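Asker:
2 protein chains.
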Amino acid sequence: MAKRSLSISDDQAIELAEMFRLMGDASRLKIVLTCLSKPRCVSDIATATKLSPSLVSHHLRLLRAARMLRAERQGKQVYYGAADEHVRCVIADMVAHVRETDSET
Amino acid sequence: MAKRSLSISDDQAIELAEMFRLMGDASRLKIVLTCLSKPRCVSDIATATKLSPSLVSHHLRLLRAARMLRAERQGKQVYYGAADEHVRCVIADMVAHVRETDSET
DNA sequence: AATTCATATGAAGTACTATTCATATGTTTG
DNA sequence: CAAACATATGAATAGTACTTCATATGAATT
Chain Y
4 MAKRSLSISD DQAIELAEMF RLMGDASRLK IVLTCLSKPR CVSDIATATK
54 LSPSLVSHHL RLLRAARMLR AERQGKQVYY GAADEHVRCV IADMVAHVRE
104 TDSET
Chain W
4 MAKRSLSISD DQAIELAEMF RLMGDASRLK IVLTCLSKPR CVSDIATATK
54 LSPSLVSHHL RLLRAARMLR AERQGKQVYY GAADEHVRCV IADMVAHVRE
104 TDSET
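As they're listed, the protein sequences go chains Y and W.
All the letters of the first sequence, read from the start, carry residue numbers 4 to 108 under this note's numbering.
All the letters of the second sequence, read from the start, carry residue numbers 4 to 108 under this note's numbering.
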């Protein structure tokens with residue numbers, strides 16, 4: 004494996020930052036984590052995160068627009084889950100990494 | 004290794020989100036990436052990122068406060084680098100992951 | 001010690017974003 | 001079809017954050 008280069012273009016930086024920015028809000032982060040392991044409907048996400056359904060819906064729209072989450076209607080409910088396996092992995096890994104770092108000290 | 008649980012406390016979510024938030028700005032992300040592989044002085048970071056020294060300094064203060072970067076004075080210059088090996092790894096991995104995802108499509 | 005270079009700090013303005021409340025859309029059930 | 005439920009959307013507000021410009025601090029050199 005070659006030495007990792009960390010230089011990126013301006014466009015890449017902006018795109019990358021956008022993904023981080025979405026995770027950079029506690030409400031959104033909790034929402035993402037809630038429906039990452041398995042799809043969850045909006046009201047369940049709201050209950051689990053203790054956020055209002057309206058607020059959850061607003062955030063879900065952003066996460067959906069960024070292709071991080073994917074929506075699927077089932078009757079009255081709409082289920083949200085990771086957009087794809089890769090997204091799931093990336094996010095799970097990021098969280099795991101940061102939690103490791105956090106629990107050291 | 005047990006099945007990864009992704010549930011986190013409110014405090015953890017806030018702390019985690021704070022780290023993501025810092026990476027969620029293109030200017031800051033570029034700054035971090037610039038001085039991650041080896042310590043760089045402020046003016047070099049400014050040149051590399053095409054940002055004003057003043058702006059770079061402002062952002063460096065935030066990154067330093069969050070213990071992501073570490074400052075060391077050498078004469079007139081102040082060199083900034085990863086606060087520790089773990090931080091370097093976490094950030095490099097996050098970037099690598101996201102770049103993989105990005106280059107697929 | 002005065003000047004010059006490098007970095008830091010402070011104030012100000014502009015823009016953005018999270019949240020709430022009210023309302024609308026869409027779906028099922030009686 | 002009406003009522004009830006789930007989700008989505010829109011407007012308004014309040015708090016925050018990025019950036020710039022001016023200025024200050026700190027270090028080296030002559």
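Every residue, glycine too, gets a C-beta built ideally from N, C-alpha and C.
As the structure is a prediction and not an experimental result, all values here were calculated from the model.
Is the distance from the Cβ of E34 of chain W to the Cβ of T52 of chain W below 7 Å?
Answerer: Looking up residue 34 of chain W in the second sequence gives position 31. Looking up residue 52 of chain W in the second sequence gives position 49. What sits at residue 34 of chain W in the sequence shown is Ile, not Glu. Yes; because the gap between Cβ atoms is below 7 Å, this pair is in contact.
Asker: Here's the rule: buried if 16 or more other CB atoms are within 10 angstroms of the residue's CB, otherwise exposed. What is H61 of chain Y?
Answerer: Here residue 61 of chain Y refers to the residue found at position 58 when the first sequence is read from its first residue. By the neighbour-count rule (16 or more Cβ atoms within 10 Å), H61 of chain Y is not buried but exposed.
Asker: Rounded to whole angstroms, how far is the Cβ of L36 of chain Y from the Cβ of L25 of chain W, which I believe are closer than 8 Å?
Answerer: Counting from one through the first sequence, the residue named residue 36 of chain Y turns up at place 33. Counting from one through the second sequence, the residue named residue 25 of chain W turns up at place 22. Going by Cβ atoms, the distance from L36 of chain Y to L25 of chain W rounds to 19 Å, so no, they are not a contact pair.
Asker: Does C38 of chain W come out as helix, strand or coil in the three-state DSSP assignment?
Answerer: Sequence index remark: in the second sequence, residue 38 of chain W carries index 35 (1-based). If DSSP states are grouped into helix, strand and coil, C38 of chain W belongs with coil.
Asker: Please confirm if L9 of chain W has its CB atom under 7 Å from at least one CB of chain Y.
Answerer: The count along the second sequence starts at 1 and reaches residue 9 of chain W at position 6. L9 of chain W counts as touching chain Y.
Asker: Let me know the secondary structure DSSP gives R64 of chain Y once reduced to three states.
Answerer: Here residue 64 of chain Y is taken as the residue at index 61 of the first sequence, counted from 1. It is helical.
Asker: Is there a Cβ of chain Y sitting closer than 7 Å to that of K33 of chain W, yes or no?
Answerer: Along the second sequence, one-based indexing puts residue 33 of chain W at 30. At least one chain Y Cβ lies under 7 Å of K33 of chain W.
Asker: Can a CB atom of chain W be found closer than 7 Å to the CB of I48 of chain Y?
Answerer: Translated into the one-based positions of the first sequence, residue 48 of chain Y becomes position 45. Taking Cβ atoms only, chain W never reaches closer than 7 Å to I48 of chain Y, which makes this a no.
Asker: Taking DSSP's pairing of strands, which residues face C44 of chain W in a bridge?
Answerer: Mapped onto the second sequence, residue 44 of chain W falls at position 41. DSSP output for C44 of chain W lists W:Y82 as bridge partner(s).
Asker: Check R73 of chain W in the structure and name its three-state DSSP category.
Answerer: In the second sequence, residue 73 of chain W corresponds to position 70, counting from 1. It is a strand residue.
Asker: Between the C-alpha atoms of C38 of chain Y and D13 of chain W, what's the straight-line distance to the nearest angstrom?
Answerer: Residue mapping note: residue 38 of chain Y aligns to position 35 of the first sequence, counting from 1. Residue mapping note: residue 13 of chain W aligns to position 10 of the second sequence, counting from 1. In a straight line, the C-alpha of C38 of chain Y is about 16 Å away from that of D13 of chain W.
Asker: Flag R64 of chain W as yes when its Cβ comes closer than 6 Å to any non-hydrogen atom of the ligand GTP, and as no otherwise.
Answerer: With respect to small molecules bound, the structure shown includes none, and the ligand GTP cannot be examined in it.
Asker: In three-state terms, what does DSSP make of K53 of chain W?
Answerer: As a working mapping, residue 53 of chain W is identified with position 50 in the second sequence. The answer is coil: DSSP assigns K53 of chain W none of H, G, I, E or B.
Asker: Only counting the same chain, and skipping five residues up and downstream in sequence, which positions put a Cβ closer than 8 Å to that of V81 of chain Y?
Answerer: Counting from 1 along the first sequence, the entry for residue 81 of chain Y is found at position 78. Same-chain partners within the cutoff: C44, V45, A74 and E75.
Asker: Tell me where the alpha helix (DSSP H) around D13 of chain Y begins and ends.
Answerer: Locating residue 13 of chain Y in the first sequence gives position 10, counting from the first residue. Counting along the chain, the alpha helix (DSSP H) containing D13 of chain Y begins and ends at D13 to M26.
Asker: Starting from the C-beta of A3 of chain W, find all residues in its chain whose C-beta is less than 6 Å away, skip the five residues before and the five after it, and write them out in chain order.
Answerer: Any answer about residue 3 of chain W is impossible in this case: the structure gives chain W only from 4 up to 108.
Asker: Using the Cβ count rule (16 or more neighbours within 10 Å means buried), how would you classify T108 of chain Y?
Answerer: By one-based count along the first sequence, residue 108 of chain Y stands at place 105. The predicted model places T108 of chain Y with a pLDDT of 49, which falls under 50 and marks its position as unreliable; any figure quoted below should be read in that light. Per the 10 Å Cβ criterion, exposed.
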